[in-house]
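For reference, the structure discussed in these notes is given below.
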Amino acid sequence: MDLFTFFCIVLGLLSFILLVSNYLLPIILRLFRIIAGGSEMKSEGSVALISIIIPAYNEENNIRVKIDSLWNALLRVNVEAEVIIGSDGSTDRTVEIASAYLQELKAANWRVVEFPNEGKCNTINKLVNLALGDVIISTDADIVVPENAVEIILKAFNANQNLGCLSCIPVLSSERVGSQKTYWSLEDRIRDEESLLGKLIVVTGWLYAFRKVAFEQIPPGVMADDLWIPLSTLLKGYDCIQDKDLRVQSETTDDKTEVRRRKRVISGGMDVVRRLMPQLLKKPRLLLLVFVHKVNRWAIPLWLSLFIGASVIIWSWILLVYLGGLAAVYLLLGRERLLTLFNSIFSPVLCLVEVMRKKDFARWEHTRTHDSA
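Spelled out as structure tokens, the structure:
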């Protein structure tokens with residue numbers, strides 16, 4: 016065996032291991048949790064005041080339903096609360112409808128604030144600066160808040176003084192099929208294992224909560240608040256978890272919309288990891304978790320290309336096997352779905368180029384569609 020062949024074998028094996036580890040990550044994290052013993056129990060505390068912030072942009076069709084669901088959730092808890100709806104330069108009737116409805120409800124400690132259009136993360140910064148609560152709940156304007164949501168959040172923060180961030184869990188609609196369902200099934204198992212370690216690195220942005228003292232101002236241009244806030248919270252030594260009882264119904268999207276959403280998530284995630292890398296380098300365990308959960312997944316196109324390339328160099332005949340497999344997938348899925356699959360797999364490459372040439376990702380893009388019922 017010559018040196019080049021040996022190098023190709025090593026490269027192929029390494030890329031295969033890194034590729035497969037994406038799908039074995041829940042098992043790997045579970046083994047680590049068993050060895051490490053999971054997160055330690057923390058002392059209890061008491062939340063005196065909660066602030067609920069709602070960043071909104073052109074949500075005239077959803078804002079009344081949002082207010083209703085949050086109103087009902089607050090009726091179930093006995094704690095002082097304030098609600099701040101922040102309009103990020105809405106050009107529709109969001110502010111008018113919300114203000115009128117709050118007057119109709121005679122809602123004390125509820126208010127609507129208007130800001131110039133600067134993106135969701137900048138709006139969150141402004142709302143956090145206005146908020147007085149010990150714990151801040153952030154929730155999207157087009158998401159219905161479960162009736163028990165605030166109750167669950169309060170219970171979690173009261174039970175653990177070191178809890179810095181808490182996420183809801185997205186519930187898949189029955190219409191989710193194929194790659195969407197596979198992706199979210201794997202992601203949910205990964206997040207569950209991270210949560211049991213107290214090291215959840217990403218939250219679901221529709222509904223999550225954090226301690227104000229743990230909040231790190233989101234830099235201009237950042238889009239992924241759902242990654243920035245938990246990571247910066249973990250870097251400060253707080254726990255970050257998800258609560259299995261805090262469940263929010265997911266949006267209905269088609270495959271093309273889902274691929275576009277994933278591209279935004281990947282671009283925003285790469286941007287956040289790049290910005291936090293100096294701090295992550297000082298926390299090797301957290302950096303490793305970010306690598307295996309996020310970076311390794313973004314590198315799937317690289318590992319896949321290296322594995323295929325190395326195996327073809329070693330065994331040239333295997334190229335026919337790959338081509339035959341590709342033809343079978345084409346016949347099974349059809350041209351359009353196959354292109355969507357390729358777009359999904361190789362989208363991190365395009366996202367990396369975008370992150371390298373852009374500095375500002377703070378823009379709104381509605382990807383959720385809601386049933387007329």
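Under our numbering, the letters of the sequence shown match residues 16 to 388, in that order. Beta carbons are placed, not taken as given, at the ideal position from N, Cα and C, and that holds for glycine.
Taken in chain order, the complete beta strand (DSSP E) segments of 3 or more residues contained in the region 85-144 are 95-103, 125-130. Taking the Cα of Arg-126 as reference, the smallest distance to any Cα among Asn-173, Pro-299, Val-110 is reached at Val-110. For Thr-154, the secondary structure class from DSSP, reduced to helix, strand or coil, is strand.
Going by DSSP, Ser-66 is part of the beta strand (DSSP E) stretching over 64-71. DSSP places Val-263 inside the beta strand (DSSP E), whose first and last residues are 254-264.
Across the set Tyr-198, Ile-68, Phe-47, Ser-61, the C-alpha of Ser-61 shows the shortest separation from the C-alpha of Ala-171. Relative to Leu-222, the option among Gln-118, Leu-367, Gly-324, Asp-260 whose CA is nearest is Asp-260. Taking 8 Å as the upper bound for CB-CB distance, Ala-229 and Cys-180 are in contact here, some 7 Å apart.
Residue burial annotation: Pro-235 is exposed, with fewer than 16 other C-beta atoms found within 10 angstroms of its C-beta.
Excluding residues up to 5 positions away in sequence, Gly-101, Asp-103, Lys-135, Thr-138, Ile-139, Leu-142, Ser-153, Asp-155, Ala-156 lie with their Cβ nearer than 8 Å to the Cβ of Pro-70 in the same chain.
In this structure, Val-150 keeps its C-beta atom at 8 Å or more from the C-beta atom of Ala-88. Counting along the chain, Val-368 sits inside the alpha helix (DSSP H) bounded by residues 350-372. Listed as beta-bridge partners of Lys-214 by DSSP are Cys-255. Fewer than three Cβ pairs drawn from the region 162-177 and the region 239-250 lie within less than 8 Å of each other, which leaves the two stretches out of contact.
Under the DSSP definition of a beta bridge, Ser-182 partners with Tyr-223, Gln-257. Pro-161 is the residue among Gly-339, Pro-161, Cys-255 whose C-alpha sits nearest the C-alpha of Leu-90. Cβ contact annotation for Ile-216 (same chain, cutoff 8 Å, sequence separation greater than five): Glu-209, Leu-242, Pro-245, Leu-246, Leu-249, Cys-255, Leu-301, Leu-304, Val-305, His-308, Lys-309, in chain order. For Gly-27, the enclosing alpha helix (DSSP H) starts and ends at 18-51.
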